[in-house]
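The numbering used here puts the sequence shown at residues 81 to 516. Everything on this sheet refers to the single structure shown next.
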Amino acid sequence: MRKVGFVVWVLAVFLAFSNCLPAATTDKAKEQAPQNAGKVQPAQVAPAAPEKEGDIYKQLELFSDALSMVRSEYVDNVKSKDLIYGALKGMVQSLDKFSEFMDPESYAEMKVETEGEFGGIGIEIAIKDDILTVIAPIDDTPAYKAGLKAGDRVVKINKDITRGITLLEAVRKLRGKPGTPVTVTVLREGENKILDFTITRDVIKVKSVKNPRMVEDKIAYIKLSIFQERSAKDLEDALAELEKQGMDSLILDLRNDPGGLLNVAAEVSGKFLPTGEMIVYTKGRNNKQEMEFRVKEKKPRTDYPMVILVDGGSASASEIVAGALQDHKRAVLVGMKTFGKGSVQTVIPLSDGSAIRLTTSKYYTPNGRSIHGQGIMPDIVVELKPTKKEDLSKQSPAEVFEKLEEQPQQPSVKKEEYDNQLQSAIDVIKTMRIYK
């Protein structure tokens, strides 16, 4: 009798959970960054895939048997809540590297991150090839000033090995009170050596539009470091000022731009494409998760030559802009292949204060290309440094963590380097002028 009651309780828990699967929301903050989920929307009910009712009850009974066995036979006493949370964590994380279960404490911390100020170091991170990887350091943040680079494999945080770490766990370790230090140990691509960075946390405030200027006669340059609320307005102001100075062509730099808000990516793209053109669309499991974004700008700038600089640190919203302008042949892409973050995560609160972050749809460019896991190949491939590099992406996680046996080195002092990618973009603009 006791076991029957326990089975019913487990079924109730899991059936309640199954009703929380959402339709994709249009929450403009949900694509904030690979470790952010944006502002939370209430859970919506989506139809489950057809499945025989008896099958799921058999599977839940199997889970109930295993859970009952662990509770009665495991060497130590374990709380049922911890076991359920562990099962939920494993279930959600098995789906993909961006989906995650958050206990109430973790969920509360995530809301602090997305809704308030917090101390951090200013990097965008993701799990790539099962290793914690820097997508990009955000300009003018402690991580950027310390010298962290896109592609760095994070193998330790404060001497704790990151093998098997989740994104949320990594974020919690990196965040902290402003003014406190955190040591990040990385394996750097191209140098194949372990580097220690001791970085002082600070309140992260990012200026998204940076360094608008003329780089040569009438060729304007604008760096967009992240897609946040004011980015489209700040870009408009920068363009207006450069147009007053006589610009007749533009280089838009999206290198090391980890992305941000989906609606802002659409606004930025819309400044350079004809009204009504497709920018990006999403496809999910059902119709509620399908959205499309078209140009709403009444007076878009569609006439002057344009180059977009991209690299492996260009992700998410950056890839939406680059993909849209490339598909419409509005801009020439110069640099290296982009990161390949093209999925939408929705945060779904659960009844006990916990939540799941679930991948609910994927992005597609106007021509139907999937960004996710593929990235965008530039029209003209230009490496920033022509030196020979060892491809760390071909190393297994075990090989990467074996490098920890080596003595960590101090990073070299950051030097101002000749930007051959920017020079290539300038040369492309000059060629486009000739054939215009």
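Cβ atoms here follow ideal geometry from the backbone N, Cα and C, with glycine treated the same way.
Looking only at C-alpha atoms, which of L430, M294 and V412 sits nearest to L322?
For the purposes of this step, residue 322 is taken as residue 242 along the sequence shown, with counting starting at 1. Of L430, M294 and V412, the residue nearest in Cα terms is M294.
What residues match up with D282 in a beta bridge as DSSP calls it?
Counting from 1 along the sequence shown, the entry for residue 282 is found at position 202. In the DSSP assignment, the residues bridged to D282 are G200.
Would you identify the three-state DSSP class for M149, choosing helix, strand or coil?
Here residue 149 is taken as the residue at index 69 of the sequence shown, counted from 1. Looking at M149 - three-state DSSP - the assignment turns out to be helix.
Would you report the Cα separation of D333 and K257, rounded to the nearest angstrom?
Counted from its first residue, the sequence shown places residue 333 at position 253. Counted from its first residue, the sequence shown places residue 257 at position 177. Straight through space, the alpha carbons of K257 and D333 are spaced by roughly 32 Å.
Buried versus exposed, by CB contacts within 10 Å (16 or more), R310:
On the sequence shown, residue 310 is found 230 positions in, with the first residue counted as 1. Exposed, since its Cβ has fewer than 16 Cβ neighbours within 10 Å.
CA-to-CA distance, T355 to L510, given in whole angstroms:
Position 430 of the sequence shown, counting from 1, holds the residue named residue 510. Position 275 of the sequence shown, counting from 1, holds the residue named residue 355. Reading off the sequence, residue 510 comes out as Lys, not Leu. About 27 Å.
Who are P261's beta bridge partners in DSSP?
Translated into positions along the sequence shown, residue 261 becomes position 181. Bridge partners of P261: T280.
Within its chain, find whatever has a CB closer than 6 Å to the CB of M512; leave out the 5 residues flanking it on each side and keep chain order.
The residue you call residue 512 lines up with position 432 of the sequence shown. Contacts found: P385.
Separation of R365 from N500, as counted between CA atoms:
Walking along the sequence shown from the start, residue 500 turns up at place 420. Walking along the sequence shown from the start, residue 365 turns up at place 285. About 43 Å.
Residues near G166 in its chain [Cβ-Cβ closer than 6 Å; skip 5 each side]
Locating residue 166 in the sequence shown gives position 86, counting from the first residue. Taken in chain order, the list of residues that qualify is empty.
Return yes when the Cβ of A505 is within less than 9 Å of the Cβ of V375, no when it is not.
In the sequence shown, the residue the question calls residue 375 occupies position 295. In the sequence shown, the residue the question calls residue 505 occupies position 425. Against a cut-off of 9 Å, the Cβ pair of A505 and V375 comes out as no contact.
In its own chain, which residues sit with a C-beta less than 6 Å from the C-beta of E316, not counting the 5 before and 5 after it?
Walking along the sequence shown from the start, residue 316 turns up at place 236. Counting only Cβ-Cβ distances below 6 Å, and skipping sequence neighbours, we find nothing.
Integer-rounded CB distance, given that V390 should sit under 8 Å from I456
Here residue 456 is taken as the residue at index 376 of the sequence shown, counted from 1. Here residue 390 is taken as the residue at index 310 of the sequence shown, counted from 1. Going by Cβ atoms, the distance from I456 to V390 rounds to 7 Å, so yes, they are a contact pair.
Inter-residue spacing [alpha-carbon to alpha-carbon] between V266 and Q454:
What you label residue 266 is simply residue 186 of the sequence shown in a count that begins at 1. What you label residue 454 is simply residue 374 of the sequence shown in a count that begins at 1. When the Cα atoms are used, V266 and Q454 turn out to be separated by approximately 24 Å.
Rounded straight-line distance, which links the Cα of I245 to that of F178:
On the sequence shown, position 98 is the one that residue 178 refers to. On the sequence shown, position 165 is the one that residue 245 refers to. So the alpha carbons of these two residues sit roughly 12 Å apart.
Checking the sheet assignment: what are the DSSP bridge partners for K303?
Stepping through the sequence shown from its first residue, residue 303 is reached at position 223. Residue pairing by DSSP places K303 opposite K290 and D333 in a beta bridge.
R243 beta carbon less than 9 Å from that of V214
By 1-based counting over the sequence shown, the position of residue 214 is 134. By 1-based counting over the sequence shown, the position of residue 243 is 163. No, the pair does not count as a contact, with Cβ atoms beyond the cut-off.
Could you give the DSSP three-state label for K177: helix, strand or coil?
Your numbering for residue 177 matches position 97 in the sequence shown. In this structure, K177 counts as coil in the three-state DSSP scheme.
Closest by CA to A397, which one among D297, E347, P380 and T382?
Taking the first residue of the sequence shown as position 1, residue 397 is located at position 317. Of D297, E347, P380 and T382, the residue nearest in Cα terms is E347.
Would you mind stating whether E399 and I460 have Cβ atoms separated by less than 9 Å?
As a first step, residue 399 must be located in the sequence shown, where it is residue number 319. As a first step, residue 460 must be located in the sequence shown, where it is residue number 380. Result no, Cβ atoms of E399 and I460 do not sit closer than 9 Å.
What three-state label does DSSP hand L405 in the structure shown?
In the sequence shown, residue 405 corresponds to position 325, counting from 1. Helix at L405.
With DSSP as the reference, label A113 as helix, strand or coil.
Counted from its first residue, the sequence shown places residue 113 at position 33. Confidence is the limiting factor: at A113 the pLDDT is only 35, short of 50, which leaves the residue's position unreliable and the question unanswerable from this model.
Could you check where the alpha helix (DSSP H) with K313 kicks off and where it finishes?
Taking the sequence shown and counting its residues from 1, one reaches residue 313 at position 233. Start and end: S311 to K324.
Would you report the Cα separation of V344 and D135, rounded to the nearest angstrom?
Your numbering for residue 344 matches position 264 in the sequence shown. Your numbering for residue 135 matches position 55 in the sequence shown. One C-alpha to the other measures close to 44 Å.
Out of N272, Q139, L254 and E249, state which residue places its alpha-carbon closest to the alpha-carbon of R53.
In the structure displayed, the chain extends from 81 to 516; residue 53 sits before or after that span and is not available.
Length of the line joining the Cα atoms of K138 and S148:
As a working mapping, residue 138 is identified with position 58 in the sequence shown. As a working mapping, residue 148 is identified with position 68 in the sequence shown. Annotation: K138 to S148 spans about 15 Å, alpha carbon to alpha carbon.
Counting along the chain, where does the alpha helix (DSSP H) carrying K510 start and finish?
On the sequence shown, residue 510 is found 430 positions in, with the first residue counted as 1. It spans N500 to Y515 - the alpha helix (DSSP H) in which K510 sits, taken as one unbroken run.
Pull up the distance between the alpha-carbon of S305 and that of P380, whole angstroms please.
Counting from one through the sequence shown, the residue named residue 305 turns up at place 225. Counting from one through the sequence shown, the residue named residue 380 turns up at place 300. Taking the straight line from one Cα to the other gives about 22 Å.
Please confirm whether V264 and A223 have their CB atoms less than 9 Å apart.
In the sequence shown, counting from the first residue as 1, residue 264 sits at position 184. In the sequence shown, counting from the first residue as 1, residue 223 sits at position 143. Closer than 9 Å, so yes.
Terminal residues of the beta strand (DSSP E) in which A435 lies:
Numbered from 1 along the sequence shown, position 355 holds the residue referred to as residue 435. Per DSSP, A435 belongs to the beta strand (DSSP E) from A435 to Y444.
Which residue wins for smallest C-alpha separation from S174, given the options D210, I388 and F277?
In the sequence shown, counting from the first residue as 1, residue 174 sits at position 94. The candidate whose alpha carbon is nearest that of S174 is D210.
At what residue ranges does the stretch 336-416 contain a whole run of the beta strand (DSSP E), taking only runs of 3 or more?
Every unbroken stretch of the beta strand (DSSP E) spanning 3 or more residues and falling wholly within the stretch 336-416 is given here in chain order: 358-364, 371-374, 386-390 and 412-415.
Of all the options K363, S394 and M371, which has the alpha carbon lying nearest to the alpha carbon of G339?
Position 259 of the sequence shown, counted from the start, is the residue given in the question as residue 339. G339 has its Cα closest to that of S394, out of K363, S394 and M371.
Leaving aside the five residues before and after L168 along the sequence, list all residues of the same chain whose C-beta is less than 7 Å from its C-beta, in chain order.
Within the sequence shown, the letter at position 88 stands for residue 168. These residues qualify, in order along the chain: F181.
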